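Worksheet: the structure to be examined is printed underneath.
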Amino acid sequence: MALIVQKFGGTSVANPERIRNVAKRVAKKYDQGDKMVVILSAMAGVTDSLLRLAGEMAETPDRREVDVLLATGEQTTAALLAITLKSMNYPAVSLLGFQAEVVTDCNYSNARIIDIGAHRIRELLDQQNIVVIAGFQGCDAQGNITTLGRGGSDTSAVAIAAALKADMCEIYTDVDGVYTADPNVCRKARKLDKISCEEMLEMASLGAKVLHIRSVEFALKHNVLVYVRSSFSEEEGTMLVNGNHDMERPVVSGITYSKNEARITLKGVPDQPGIAAKIFNAAADANINVDMIIQNTLAGGKTDLTFTVPKTEFKRALEVERKVVEEIGADNVLGDEGIAKVSVTGIGMKSHSGVASKMFSALAVENINIMMISTSEIRISCIIEEKKAELAVRTLHTAFGLDKE
Ligand code: ASP
Ligand code: MG
């Protein structure tokens, strides 16, 4: 007998028919003798439409009340699933975040889980109940309702699985697993039967939007076995594992890309101590996320400094840096929104050399110019022209031997 946490995403509970299917899936497992905890998202589109409604009432809706509102999406699906299971004569009980003792900080709309008490969940499980929990929500120490950030019900599921020391956390979604590349871009992409949490973290932050990134952090930290699979088929999915025990794995596991990138260059920056600090303090003060940075030294005590920011923060970043340019006496500031980042990720890089050269050579063959490069222990990223992003993904996928036959 195992303790299983199952999480169903918005498309999996998008209408009564699909909720009924979820109920059948849960019931089947329960009939096999497993203890079942089910975490739900809101119906697809509901969180968006709630946000729109709030926006109609006020230009900047009060953040506390927005979370009270958003939490109703998951309250609805939790209740509907429990109603369905009970009508099928299964003992089910729904719980909201606070009833499951999901305690968070008080950062509304993007709260972090601090602790999960889970007394009530354990009690209900001991009494043979199927426990259905509203994902995406918790409450702060004062009892205010909070939400965990968009896509946060994955994190609810993994965190609750960790608190309960569940045998497995199954994430049911509308894709059937994690692929070597986005199948919409690369027809030869293959489904991975497993991937390490470390790789998943790198790939999640690079645009593979299968899992909420904090859920993977939880899985890594608390050693939760996470299995991603489709709620629309019986196909095998992708298992998230800790570490790399499998020596046969390829050096590179996946190719990702992101078009949410923009580049800012400060020309003729005085080459003196404290200048870089000024440039990046200004960005940090404006809450702008800087990613890659390169600096070229020119003659005459001046340098050019280039960095990337999310495209969504580009205009703000440009404004902020214009002021800095005046202040520090640099020549001018240039921007470029037409860029993308492509990355190769693989835990095997830790013990293999030649990955970077292979990547650069493959891009060169396709005449793709590399503007910036950054690396981590298990990833190499290149900034290239945006319109070449898809070609780059396919090229690298082939170069690293990831194409399916
Ligand atoms: N319903 C929330 C959202 O749409 C949380 C989730 O689906 O994970 O972001
Ligand atoms: Mg999701």
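Numbered according to the working numbering, the sequence shown spans residues 126 to 530.
Even for Gly, the Cβ is constructed at its ideal location relative to N, Cα and C.
Model, not experiment: these values are computed from the prediction.
Cutoff 6 Å; reference residue i; Cβ partners in own chain excluding five residues on either side
{"i": "Val349", "result": "Val283, Ala286, Ala287 and Cys294"}
{"i": "Ala387", "result": "Val434, Lys436, Phe439 and Glu462"}
{"i": "Arg315", "result": "Thr305 and Lys529"}
{"i": "Ile380", "result": "Ala306, Val469, Val518, Leu521 and His522"}
Residues near residue i in its chain [Cβ-Cβ closer than 7 Å; skip 5 each side]
{"i": "Asn421", "result": "Thr428 and Asp429"}
{"i": "Ile503", "result": "Glu323, Glu324, Glu327, Thr470, Gly471, Ile472, Met474 and Lys475"}
{"i": "Ile320", "result": "Val303, Thr363, Leu365 and Ser378"}
{"i": "Arg143", "result": "Ser137"}
{"i": "Val193", "result": "Ile270"}
{"i": "Ala344", "result": "Val283, Cys322, Val351 and Leu365"}
{"i": "His477", "result": "Val376"}
Check whether residue i and residue j have beta carbons under 8 Å apart
{"i": "Tyr297", "j": "Ser356", "result": "yes"}
{"i": "Thr280", "j": "Ile238", "result": "yes"}
{"i": "Thr433", "j": "Met497", "result": "yes"}
{"i": "Cys507", "j": "Val458", "result": "no"}
{"i": "Ile255", "j": "Val138", "result": "no"}
{"i": "Val518", "j": "Ala329", "result": "no"}
{"i": "Phe223", "j": "Gly274", "result": "no"}
{"i": "Ile241", "j": "Val227", "result": "yes"}
{"i": "Leu210", "j": "Arg245", "result": "no"}
{"i": "Thr229", "j": "Thr185", "result": "no"}
{"i": "Gln200", "j": "Met161", "result": "no"}
{"i": "Pro395", "j": "Ala455", "result": "yes"}
{"i": "Asp299", "j": "Gly134", "result": "yes"}
{"i": "Thr431", "j": "Ile400", "result": "no"}
{"i": "Glu446", "j": "Ala407", "result": "yes"}
{"i": "Glu510", "j": "Asn494", "result": "yes"}
{"i": "Ala524", "j": "Ala487", "result": "yes"}
{"i": "Ala217", "j": "Ala225", "result": "no"}
Residue from the options with nearest C-alpha to residue i
{"i": "Gly277", "options": "Ile270, Gln262 and Ala291", "result": "Gln262"}
{"i": "Thr500", "options": "Ile418, Ile338 and His522", "result": "Ile418"}
{"i": "Val480", "options": "Lys513, Leu516, Leu220 and Gly526", "result": "Gly526"}
{"i": "Lys513", "options": "Lys529, Phe343, Leu423 and Val310", "result": "Val310"}
{"i": "Pro308", "options": "Lys334, Glu184, Leu206 and Ala408", "result": "Lys334"}
{"i": "Arg145", "options": "Leu205, Arg177 and Gly135", "result": "Leu205"}
{"i": "Cys231", "options": "Glu190, Tyr352, Thr172 and Lys290", "result": "Glu190"}
{"i": "Gly393", "options": "Val415, Leu195, Gly425 and Asn414", "result": "Gly425"}
{"i": "His337", "options": "Met168, Leu443, Asn235 and Gln157", "result": "Asn235"}
{"i": "Val415", "options": "Gln397, Leu443 and Leu423", "result": "Leu443"}
{"i": "Cys264", "options": "Ala291, Tyr233 and Leu249", "result": "Tyr233"}
{"i": "Tyr215", "options": "Lys153, Ala179 and Ser358", "result": "Lys153"}
{"i": "Ile505", "options": "Val490, Ala489, Ser482 and Leu516", "result": "Ser482"}
{"i": "Gly260", "options": "Ser212, Leu195 and Ala266", "result": "Leu195"}
{"i": "Glu342", "options": "Gly460, Asn367 and Gln253", "result": "Asn367"}
{"i": "Ala203", "options": "Ala167, Met213 and Leu250", "result": "Ala167"}
{"i": "Glu248", "options": "Asp187, Ser212 and Leu289", "result": "Leu289"}
{"i": "Gly460", "options": "Phe405, Gln397, Ala266 and Leu391", "result": "Leu391"}
Residues near residue i by beta carbon distance below 8 Å, same chain, minus five either side
{"i": "Lys403", "result": "Val449, Glu452 and Ile453"}
{"i": "Asp159", "result": "Met126, Ala127, Leu128 and Ile129"}
**Q.** Every unbroken beta strand (DSSP E) within the region 338-414, with a cutoff of 3 residues, ordered by chain
**A.** 351-355, 363-366 and 379-395
Q) Which runs of the beta strand (DSSP E), 3 residues or longer, sit entirely within the region 192-245? A) 217-220, 227-229 and 238-241
Q. What runs of the beta strand (DSSP E), each 3 residues or longer, lie entirely inside the region 489-527?
A. 497-501 and 504-510
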